[in-house]
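Residue numbers (full-length UniProt numbering): 1 to 481.
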């Protein structure tokens, strides 16, 4: 697949680039500098210097981390990348611990002190106002400096380690698919891609193959989820020393919404769940089935008549997205071509590739990067548009200091869904018959059918810690009916 593999040379020439170790050494020096001057943190100049040091070190750390995670995404069995990720996780914790005393001062400082700190020529300092405001909003749940440092230190081999374990397991899974044509062995991401495409004869086998591989590791997966739930509940208890920390509060703060907003959205979704159920019934009818099956609710729409499901080449998909974006803003279309020309999209299927799609960036160069696995389905086309929406969002903010570009998921998804809908609307405009229009709207039917049940599942996980057998049962339960 041409032009669908990352070129990260704008930042590093690879994992063995000497600049990687040089940047790590600079981060370590920054940690030492922050630690050395922490007793002066009540002084304005010392705080300004600390913020500049933290911003510079964080930029380097995020850039090296992106490099390592990009290599691990394209090959989850890349030992060198995994070792670097673990090393950087430790370094991130040490940096957080070094800045924790300064953060504590900012969390409880008066307005006069904050204004003096922000009165600085460096945008990385002057632009910290909103971040400090967010910090002060959660001051009531702030632990002592020593406790915050201990929590950060324990996350490396605790909370974060569980995430790395999940990535390592899923990245190394081999999925056996048994069909009438014979037996085929695929990586997890390649097998999952079949569920989104139009190879309907393989989808049941792919789903069962994935279930079998996941079942072989269900004890590990249940342990991961239980450990994360336990960590979250225990941290919440510790942070409830002044006022109760509800299990949803960290997520609400991270997304900058009120609980009433979330409850209103869930109430509306529940009230109108019949729409999602109707969507599922209509989709089943098109499939010629009495009801949807676990392996076809993500699939492309079956062709009506004697046609075949549309399969897009990667280059064709790029052209569709460019044409759609062009109608909104030519700059968006030019940006897509820039992403392709510079090798900032990695979509070519590869062995041991991680599952999913995401957008990230090389912080030091403000370079947006998109990762996905291209299978040629319309779902893949919309996923690519979605991630390019994130990327363009990053791109238009590249002149702002990084401290002013930290936005919540609620805003991030606004940008990406906007881009996705631009492409969907463009495809609808191109459709000439009712059948073609239905095909374009198929993805929306799928979302209406699946999204509410996914959120209810996640909410159930957050509410309580469940023993292994119950966790596995919960994972296998459908909330659509």
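By construction, the Cβ of each residue, glycine as well, lies at the ideal position given by its N, Cα and C atoms.
Opposing strand residues paired with residue i [DSSP bridges]
i, result
"residue 177", "184"
"residue 368", "361"
"residue 224", "BP columns for residue 224 are empty, so no partner."
"residue 345", "370"
Reduced DSSP category for residue i - H, G, I as helix; E, B as strand; rest coil
i, result
"residue 257", "coil"
"residue 31", "helix"
"residue 127", "coil"
"residue 445", "helix"
"residue 273", "helix"
"residue 143", "coil"
"residue 42", "coil"
"residue 102", "helix"
"residue 166", "helix"
"residue 215", "helix"
"residue 482", "Past the boundaries of the shown model lies residue 482; the chain is included only from 1 to 481, so the question cannot be answered."
"residue 351", "coil"
"residue 319", "helix"
"residue 92", "helix"
"residue 299", "coil"
"residue 329", "coil"
"residue 234", "helix"
"residue 280", "helix"
"residue 471", "Low per-residue confidence applies at residue 471: pLDDT is 47, beneath 50, and the placement is therefore not dependable, though the value from the model is reported in the following sentence. It is helical."
"residue 10", "coil"
"residue 384", "helix"
"residue 479", "Here the model assigns residue 479 a pLDDT of 32, short of 50, so the residue's position is not dependable, and the following value carries that caveat. Coil at residue 479, not helix or strand."
"residue 160", "helix"
"residue 47", "helix"
Residue i to residue j span [Cα, whole Å]
i, j, result
"residue 48", "residue 34", "11 Å"
"residue 14", "residue 147", "37 Å"
"residue 364", "residue 442", "40 Å"
"residue 112", "residue 265", "39 Å"
"residue 431", "residue 438", "9 Å"
"residue 69", "residue 339", "19 Å"
"residue 329", "residue 233", "46 Å"
"residue 319", "residue 335", "12 Å"
"residue 244", "residue 237", "8 Å"
"residue 195", "residue 4", "21 Å"
"residue 7", "residue 273", "44 Å"
"residue 242", "residue 261", "24 Å"
"residue 497", "residue 398", "There is no way to answer for residue 497, as the model of the chain reaches only from 1 to 481."
"residue 250", "residue 371", "27 Å"
"residue 327", "residue 413", "21 Å"
"residue 116", "residue 101", "18 Å"
"residue 54", "residue 256", "24 Å"
"residue 136", "residue 104", "9 Å"
"residue 479", "residue 248", "Only weak support is given to the placement of residue 479: the predicted model assigns it a pLDDT of 32, under 50, and the question is left unresolved by the model."
"residue 131", "residue 142", "15 Å"
"residue 246", "residue 252", "10 Å"
"residue 180", "residue 322", "40 Å"
"residue 417", "residue 331", "18 Å"
"residue 373", "residue 268", "34 Å"
"residue 299", "residue 21", "45 Å"
"residue 173", "residue 11", "31 Å"
"residue 446", "residue 78", "35 Å"
"residue 291", "residue 60", "52 Å"
"residue 235", "residue 197", "41 Å"
Selection from the options that minimises the alpha carbon distance to residue i
i, options, result
"residue 95", "50, 82 and 78", "50"
"residue 231", "178, 162, 357 and 279", "162"
"residue 189", "218, 349 and 12", "349"
"residue 361", "434, 395 and 248", "395"
"residue 58", "31, 342 and 40", "31"
"residue 97", "79, 82 and 36", "36"
"residue 63", "220, 444 and 368", "368"
"residue 404", "9, 137 and 125", "125"
"residue 86", "46, 54, 156 and 17", "156"
"residue 409", "42, 344 and 390", "390"
"residue 99", "138, 407 and 145", "145"
"residue 23", "436, 158, 65 and 169", "65"
"residue 139", "174, 106 and 269", "106"
"residue 52", "288, 401, 380 and 165", "401"
"residue 82", "133, 40, 153 and 165", "165"
"residue 358", "375, 277, 67 and 388", "388"
Contact test: residue i Cβ vs the ligand ZN heavy atom, cutoff 8 Å
i, result
"residue 102", "The ligand ZN is absent from the structure shown, which contains no ligands of any kind."
CB contact check: residue i to chain C, cutoff 9 Å
i, result
"residue 82", "Protein chains in the displayed structure number just one, and chain C is not present."
- [ ] Report yes or no: do three or more beta-carbon pairs, one from the region 73 to 93 and one from the region 345 to 359, lie closer than 8 Å?
- [x] Cβ pair count under 8 Å is three or more, so yes.
- [ ] Decide if the region 112 to 123 is in contact with the region 81 to 93; the criterion is three or more beta carbon pairs, one per stretch, under 8 Å apart.
- [x] Counting C-beta pairs closer than 8 Å gives fewer than three between the region 112 to 123 and the region 81 to 93, which falls short of the contact rule.
Open item on the list: Does the contact criterion of 3 or more C-beta pairs under 8 Å hold for the region 308 to 319 versus the region 207 to 220?
Closed with: Put simply, the region 308 to 319 does not touch the region 207 to 220. Fewer than three CB pairs are less than 8 Å apart.
- [ ] Taking 8 Å as the threshold, find out whether the region 281 to 296 comes into contact with the region 414 to 423 through three or more Cβ pairs.
- [x] Fewer than three beta-carbon pairs drawn from the region 281 to 296 and the region 414 to 423 are found closer than 8 Å, and the two stretches are therefore not classed as touching.
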